[in-house]
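Residue numbers (this note's numbering): 1 to 335. Built from N, CA and C at the ideal position, the CB exists for glycine as well. This one's a predicted model, so the numbers in the text were calculated from it and none came from an experiment.
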């Protein structure tokens, strides 16, 4: 037996409804990267059954998995792809993030639903505001439908500049014909933009937000494979990189970098105290040291007693990094 991730779907549904009520908008659920490590199909199904009718994924493969699982909602695909007939046949929406993509998709004869990404300053992906007149002209001569327009705000420090540029840019379109205008929830929820139609929501659905009272839906525990007494100065793990600071106990658990657990983390775990990893993370195992003789059979890696925020603080990581890296080989249990 290895570690077990437990996902509370009732908390997920509650979080979704709280976001929708707070935003007073329809929610686009961001479920890319295996739903941030929570499990693509179970998460999508729970949200779909709760009334969510728009999803955003990173890849065409993710979109097709949703369709094969009877998710008949709107699905927006971020991936740059030329599989236009697959997009068309499966009634998917395709994000367009460059003039190169747009000019290529124009040649496809069947009407596609497009989501136009505007780069307002993040400088990652998106059509530039100076290109929008040409975008409108090209699309006006095509069969394709502009279903949505969106951007991604960099951070609060640049919010005012980016939001104003987005507003000025979208007003070049005939907005009466466009169903969706959206930005990322971390920016929207702070400002409640009246002209947007949807809120695009990722991390807060899974229980992480400083603005809404949402609950984390994931806990992660690993069994203790072995406990032994150790003396001060004993070397632990490969290459003599670490030794025990005093007499105590060594706990070995089945969690390693093959499970998506970064070798560079200074990992903490909770039992009846906080333990810290000692020695290098192995492919399949980690070791924890404590002066206390703990009689439990597992350690909490993420959960009520070891919040992700605490883990991130000590490991200089982000919730996105930790959650989305969790390997599919870790058992996920849905309650």
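Asked	Found
So, under 8 Å CB-CB, residue 118 and residue 151 are touching, yes? Tell me the CB distance rounded to an integer number of Å.	5 Å
Leaving out the 5 sequence neighbours to the left and right, which residues in its chain are closer than 6 Å to residue 267 when beta-carbon positions are compared?	277
Are the beta-carbon atoms of residue 200 and residue 322 separated by less than 8 Å?	no
Using the C-alpha atoms, what's the distance from residue 225 back to residue 234?	19 Å
Please list the segments of the alpha helix (DSSP H) lying wholly inside the region 44-75, counting only runs of 4 or more residues, in order along the chain.	60-68
Can you check whether the CB of residue 4 is closer than 8 Å to the CB of residue 335?	no
Just confirm the distance between the C-beta atoms of residue 237 and residue 287, as a whole number of angstroms; I'd bet it's less than 8 Å.	6 Å
Is there at least one non-hydrogen atom of the ligand GTP closer than 7 Å to the beta-carbon of residue 135?	The ligand GTP is absent from the structure shown, which contains no ligand whatsoever.
Taking only the alpha-carbon atoms, compute the straight-line gap between residue 158 and residue 120 and give it to the nearest angstrom.	10 Å
Just the C-alpha distance for residue 210 and residue 216, rounded to the nearest angstrom, thanks.	12 Å
So the alpha helix (DSSP H) residue 314 belongs to, where does it begin and stop?	308-315
Taking the DSSP output, what are the residues bridged to residue 148?	115, 180
Classify residue 26 as helix, strand or coil using the three-state DSSP reduction.	strand
Please report the distance separating the alpha-carbon of residue 96 from that of residue 128.	12 Å
Is the beta carbon of residue 289 closer than 8 Å to that of residue 248?	yes
According to the Cβ coordinates, are residue 205 and residue 19 closer than 8 Å?	yes
Quick check on residue 55: buried or exposed, where buried means 16 or more other Cβ atoms within 10 Å of its Cβ?	buried
Mind checking whether residue 38 and residue 218 have CB atoms under 8 Å apart?	yes
Between the Cα of residue 208 and those of 17, 40, 320, 327, spot the shortest distance and give me the residue it belongs to.	320
Considering only residues of the same chain and omitting the five flanking positions on each side of residue 32, which have a CB-CB separation below 6 Å?	57, 58
According to DSSP, residue 204 sits in a beta bridge with which residue or residues?	Residue 204 pairs with nothing; no bridge assigned.
Determine the extent of the beta strand (DSSP E) in which residue 140 is found, giving its start and end residues.	Premise fails: residue 140 lies in the alpha helix (DSSP H), 132-140, not in any beta strand (DSSP E).
What is the rounded straight-line gap between the Cα of residue 99 and the Cα of residue 85?	20 Å
Please name the residue, chosen from 115, 221, 246, that lies closest to residue 170 on a Cα-to-Cα basis.	115
Expressed to the nearest angstrom, what Euclidean distance is found between the alpha-carbon atoms of residue 131 and residue 137?	10 Å
What first and last residue would you give for the alpha helix (DSSP H) that runs through residue 324?	319-325
In terms of residues, what are the limits of the alpha helix (DSSP H) holding residue 99?	99-105
For residue 166, count the other beta carbons within 10 Å of its own beta carbon; 16 or more makes it buried, fewer makes it exposed. Which is it?	buried
For residue 184, collect the residues of the same chain with a Cβ closer than 7 Å to its Cβ; drop the 5 residues on either side in sequence, then sort them by chain order.	152, 153, 200
Roughly how many angstroms lie between the CA atoms of residue 344 and residue 318, to the nearest whole one?	There is no way to answer for residue 344, as the model of the chain reaches only from 1 to 335.
Starting from the Cα of residue 203, find the closest Cα among 10, 89, 2, 15 and give me that residue.	15
Would you decide whether residue 161 is buried or exposed? Buried here means 16 or more other CB atoms lie within 10 Å of its CB.	exposed
So, with DSSP's three-state summary, where would you put residue 162?	helix
Strictly by DSSP, which residues pair up with residue 223?	298
Is residue 28 near residue 198, with beta carbons less than 8 Å apart?	yes
Rounded to whole angstroms, what's the CA-CA distance from residue 83 to residue 105? Just pull it up for me.	10 Å
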